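**Q** Here it is: the structure, laid out below.
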Amino acid sequence: MENNPKKILTLCIIHQKNKVLLGMKKRGFGQGRWNGFGGKIKEGESIIDAANRELMEEIGIKVQDFQHLGVLDFSWKNKPEILQVHIFKASDFIGVPSESEEMKPEWFSVNEIPFQEMWQDDKHWLPLFLENKKFQGKFLFDDADNILDYSLDLV
27 MENNPKKILT LCIIHQKNKV LLGMKKRGFG QGRWNGFGGK IKEGESIIDA
77 ANRELMEEIG IKVQDFQHLG VLDFSWKNKP EILQVHIFKA SDFIGVPSES
127 EEMKPEWFSV NEIPFQEMWQ DDKHWLPLFL ENKKFQGKFL FDDADNILDY
177 SLDLV
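Per this note's numbering, the very first residue in the sequence shown carries number 27; after that it's consecutive.
Below you can see the structure in the form of structure tokens.
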């Protein structure tokens, strides 16, 4: 029986036609990797409010219409905590994506997504995301952030 604590997080990727907006993580967890934008939910905050707050903090934009496409549970072999990440897609936003202390945004063609500089799980679920398919999954990593096991299903 799993009785591990879950930490709920948000992740939003901006997807417009044939391009996606990703951010280079400049500090903290995931540093040196391209990723979507997001983070922890603060007490009393809805998941959508958290997603918008993180977008504003990280790249200075606001989204009005989120599409909730996935839920992924991430765990590490030698850590009890599970990170449950709610994956959102947005296409329209207010503001100009700008670099912050935490993230440096950059547009990529969907054919040139830098998977080799991203978390290993992204190559598994991002194609589903780009096709607007809803999904859920679990990924287990080792101490070096390599995938040991995973499951991914359409919902």
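A virtual CB, placed ideally from N, CA and C, is assigned to each residue, including glycine.
On a predicted model such as this, the values are computed, not experimentally measured, just so you know.
Identify whether Glu132 lies in helix, strand or coil by the three-state DSSP scheme.
**A** If DSSP states are grouped into helix, strand and coil, Glu132 belongs with the strands.
**Q** Within this structure, are the beta carbons of Asn104 and Asp169 separated by less than 8 Å?
**A** The answer is yes: Cβ separation under 8 Å.
**Q** Between the alpha carbons of Lys88 and Leu81, how many angstroms are there, rounded?
**A** Rounded to the nearest angstrom, the two C-alpha atoms are 7 Å apart.
**Q** Mind pulling the alpha helix (DSSP H) runs of 4 or more residues that sit fully within the segment 82-166?
**A** Runs of the alpha helix (DSSP H) inside the segment 82-166: 148-156.
**Q** Run through DSSP, which three-state label would Asn78 get?
**A** Three-state result, Asn78: helix.
**Q** Please confirm whether Phe165 and Leu95 have their CB atoms less than 8 Å apart.
**A** Against a cut-off of 8 Å, the Cβ pair of Leu95 and Phe165 comes out as no contact.
**Q** Would you mind stating whether Gln142 and Ile173 have Cβ atoms separated by less than 8 Å?
**A** No, the Cβ-Cβ distance between Gln142 and Ile173 is not below 8 Å.
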